[in-house]
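Q:
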Amino acid sequence: MKLGRRLTLLGVTVAAAPLVLVGCTDDRDHEGRHGKAAPPELTVTPGDQARDVPISAEVGTRVAGGRITGVRITDDKGKEVKAEPREDGSSWVPSAPLQPKRTYTAEVTATGDSGKTTTRKTTFTTMPKSTKPAVTSTLYFAGNRTYGTAMPVTVAFDPPIPKEARADVQRRLFVKTNPPQPGAWSWVGDGSQVYYRAPDFWKPGTSISVRAGLAGLPIGKDLVGDDERTATSKIGKQVSLEIDNATKQMSVLRDGKLLRKIPVSMGKPSTPTSSGKMVIMEKHQFTTFDTRGSADPYVVDVEDAQRLTWGGEFIHAAPWSEGDQGSTNVSHGCTNVSNEAADWLMNTTQVGDLVTIKGTEVPLTEGNGWTAWNVSWDEYVKGSALPVPAGLGPAPTNPAHPGAVAGGSPAPHPSVTGG
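Using our numbering, read the sequence shown as starting at 7 and increasing by one per residue.
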């Protein structure tokens with residue numbers, strides 16, 4: 007995700023924009039009929055006088071024999087519409103959704119190598135406000151926070167996005183980073199979540215800006231996107247947790263150096279803790295675990311709880327199991343620590359820190375939490391609905407221990423309990 011005046015995005019122009027071509031087409035070469043340099047050939051979309059254009063439309067530009075040197079978009083009151091070019095120059099993306107039932111004019115100029123120019127103007131009208139059901143999107147990346155170095159940008163969808171619509175949605179998910187650290191999007195198999203991360207963990211101090219520009223986007227034949235969401239936050243220091251079921255110990259590391267070892271009690275055999283690479287999702291000083299309606303119902307108040315999965319696995323204070331911590335697993339799937347250790351962890355960790363658990367009876371399930379790091383990079387990029395830039399991959403030596411130490415947390419998932 008790159009910071010600057012360009013939008014880093016995997017894709018070309020939004021599929022919903024009408025592909026009516028407006029411009030010069032000629033079978034002659036660029037020297038022209040009499041050997042003189044010809045002006046560049048320019049195509050602009052939406053087509054002139056196009057109607058019922060989605061409010062998510064972009065101004066598509068295609069030029070042969072030159073380059074785009076000017077784009078100006080105005081509404082029907084003469085007000086200029088701010089827009090930024092995609093990195094590949096295929097279109098200009100308005101910085102905010104267009105308004106329903108409004109008329110817009112785009113004037114695009116291309117300059118050829120000879121200095122000659124071609125200008126095309128297109129006027130189009132957006133569609134009325136859609137009456138189709140909207141897909142509810144949730145951006146799990148809040149603004150003005152400091153996240154851990156394993157923090158994936160996560161967008162969740164209800165209902166899930168079908169495979170045939172994922173490329174259109176992915177084209178409207180924008181990420182910029184400063185300093186530049188490009189990454190890729192990857193969909194969970196059922197389409198309920200999509201993650202963005204770089205091949206390696208984020209570098210401490212990186213600024214990440216996210217835009218989910220989904221308002222009014224046609225999603226398949228029957229749905230539209232719900233809203234526009236943006237956020238900018240930073241990455242903090244490296245912190246990571248490593249939990250080993252064989253030793254019943256948690257190792258807490260910062261910048262690769264061991265800070266502390268903490269005895270733990272994990273899930274008993276009937277309710278085992280998941281093994282895998284997960285990310286701290288949210289933090290609560292006080293919360294209530296309520297599993298009424300499950301096969302093992304209980305209600306318990308807990309302190310200093312840090313969520314790891316949607317299914318209800320947390321790290322939390324458990325004074326009732328301190329005698330078992332370091333020796334025996336007795337929990338309902340959570341990682342139990344002492345009151346003192348839980349309080350210390352709350353002041354040490356941050357949302358976005360990597361937590362690696364190994365040696366338990368069950369593996370972490372895809373999508374049960376932010377599982378973007380639980381697969382190799384080669385497996386991860388298979389989940390992209392668009393081509394991934396050639397050569398994008400992990401550095402020869404990856405940072406060993408990701409994490410961060412200060413900031414906030416995204417909103418909790420409404421349907422999850424702890425144990």
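The beta-carbon is built from N, C-alpha and C at its ideal position, and this holds for glycine as well.
1. On the three-state DSSP scale, how would you describe Pro166?
2. Rounded to a whole number of angstroms, what is the C-alpha to C-alpha distance between Ala56 and Glu367?
3. Closest by CA to Arg78, which one among Ile61, Val50, Glu93 and Val59?
4. Residues in its own chain within less than 6 Å of Val69 by CB, not counting five upstream and five downstream?
5. Ala347: which of Asn380, Ser271, Ala391 and Leu220 sits nearest, CA to CA?
6. Going by the beta-carbon positions, is the gap between Gly231 and Val308 smaller than 8 Å?
7. Can you grab the Cα-Cα spacing for the pair Tyr386 / Ser120, in whole Å?
8. Of all the alpha helix (DSSP H) runs that stay within the bounds of the segment 323-357, which reach a length of 4 or more residues?
9. Per DSSP, what are the beta-bridge partners of Gln176 in this structure?
10. For Asp58, report the span of its beta strand (DSSP E) as first-last.
11. Let's test the definition: count the other Cβ atoms within 10 Å of the Cβ of Ala204 and tell me whether it reaches 16, buried, or not, exposed.
12. Rounding to the nearest angstrom, what Cα-Cα distance links Glu170 and Gly226 in this structure?
13. Is Gln176 buried or exposed, if buried means 16 or more other CB atoms sit within 10 Å of its CB?
14. Give every residue of the same chain whose Cβ lies closer than 6 Å to the Cβ of Ala311, excluding the five residues on either side of it in the sequence, and list them in chain order.
15. Rounded to the nearest angstrom, how far is the Cβ of Leu223 from that of Asp164, given a contact under 8 Å?
16. With distances taken from CA atoms, which of Arg108, Ser239, Arg178 and Ala112 is nearest Tyr146?
17. Which residues bound the alpha helix (DSSP H) around Asp81?
18. Taking DSSP as the reference, what is the three-state secondary structure of Val141?
19. Compute the Euclidean distance between the alpha carbons of Thr355 and Ser344, then round it to the nearest angstrom.
20. Leaving aside the five residues before and after Glu364 along the sequence, list all residues of the same chain whose C-beta is less than 7 Å from its C-beta, in chain order.
21. Thinking C-alpha only, which one of Gln105, Ala102, Leu360 and Ser327 is nearest Pro269?
22. Could you tell me if Ala218 is buried or exposed, where buried requires 16 or more neighbouring beta carbons within 10 angstroms of its beta carbon?
23. In angstroms, rounded to a whole number, what distance separates the CA positions of Ser213 and Met284?
24. DSSP on Ala44, reduced to helix/strand/coil?
25. If distances are taken between C-alpha atoms only, which option among Gly389, Gln331, Ile241 and Pro91 comes closest to Val114?
26. To the nearest angstrom, how far is it from the Cα of Val422 to the Cα of Gly318?
A: So, to answer that:
1. The residue you call residue 166 lines up with position 160 of the sequence shown. In the structure shown, Pro166 sits in coil (DSSP, three-state: anything other than H, G, I, E or B).
2. Here residue 56 corresponds to residue number 50 of the sequence shown, with the count starting at 1. Here residue 367 corresponds to residue number 361 of the sequence shown, with the count starting at 1. Whole-angstrom Cα-Cα distance: 59 Å.
3. Mapped onto the sequence shown, residue 78 falls at position 72. Out of Ile61, Val50, Glu93 and Val59, Val50 has the C-alpha closest to the C-alpha of Arg78.
4. To locate residue 69, count along the sequence shown from 1; it is residue 63. Only Pro46, Leu48 and Ala116 meet the Cβ criterion.
5. Looking up residue 347 in the sequence shown gives position 341. If we check each option's Cα against that of Ala347, Ser271 comes out closest.
6. Along the sequence shown, read from residue 1 onward, the residue named residue 231 stands at position 225. Along the sequence shown, read from residue 1 onward, the residue named residue 308 stands at position 302. Their beta carbons are not under 8 Å apart, which means Gly231 does not touch Val308 by this criterion.
7. For the purposes of this step, residue 386 is taken as the residue at position 380 of the sequence shown. For the purposes of this step, residue 120 is taken as the residue at position 114 of the sequence shown. Cα-Cα distance, rounded: 45 Å.
8. 345-352
9. Counted from its first residue, the sequence shown places residue 176 at position 170. DSSP lists no partner for Gln176.
10. Counting from 1 along the sequence shown, the entry for residue 58 is found at position 52. Note, Asp58: beta strand (DSSP E), Ala56 to Val59.
11. Here residue 204 is taken as the residue at index 198 of the sequence shown, counted from 1. Classification of Ala204: buried, given that the 10 Å Cβ count is 16 or more.
12. By 1-based counting over the sequence shown, the position of residue 170 is 164. By 1-based counting over the sequence shown, the position of residue 226 is 220. Cα to Cα, Glu170 sits roughly 7 Å from Gly226.
13. The sequence position of residue 176 within the sequence shown is 170, counting from 1. Result: buried.
14. By one-based count along the sequence shown, residue 311 stands at place 305. Closer than 6 Å at the Cβ level, and outside the excluded window around Ala311, lie His290, Thr293, Phe320 and His322.
15. What you label residue 223 is simply residue 217 of the sequence shown in a count that begins at 1. What you label residue 164 is simply residue 158 of the sequence shown in a count that begins at 1. Rounded, the Cβ-Cβ distance is 16 Å, inconsistent with contact.
16. Numbered from its first residue, the sequence shown carries residue 146 at position 140. For Tyr146, the nearest C-alpha among the options comes from Ser239.
17. Working through the sequence shown from its first residue, we reach residue 81 at position 75. Segment Gly72 to Asp81 is the beta strand (DSSP E) holding Asp81; no alpha helix (DSSP H) there.
18. By 1-based counting over the sequence shown, the position of residue 141 is 135. It is a strand residue.
19. The residue given as residue 355 occupies position 349 in the sequence shown. The residue given as residue 344 occupies position 338 in the sequence shown. Approximately 16 Å, taken between the alpha carbons.
20. Numbered from 1 along the sequence shown, position 358 holds the residue referred to as residue 364. What sits at residue 364 in the sequence shown is Lys, not Glu. Hits under 7 Å: Asp250, Asn251 and Ser281.
21. Numbered from 1 along the sequence shown, position 263 holds the residue referred to as residue 269. Checked all of Gln105, Ala102, Leu360 and Ser327; the closest Cα to Pro269 is Ser327.
22. Numbered from 1 along the sequence shown, position 212 holds the residue referred to as residue 218. Flag for Ala218 reads buried.
23. As a working note, residue 213 is residue 207 in the sequence shown. As a working note, residue 284 is residue 278 in the sequence shown. Taking the straight line joining both Cα atoms gives about 22 Å.
24. On the sequence shown, position 38 is the one that residue 44 refers to. Note: Ala44 maps to coil in three-state DSSP.
25. If you number the sequence shown from 1, residue 114 lands on position 108. Here the closest residue by C-alpha is Pro91.
26. Counted from its first residue, the sequence shown places residue 422 at position 416. Counted from its first residue, the sequence shown places residue 318 at position 312. For Val422, the predicted structure reports a pLDDT of 40, less than 50, and the residue's modelled location is therefore unreliable. The matter cannot be settled from this model.
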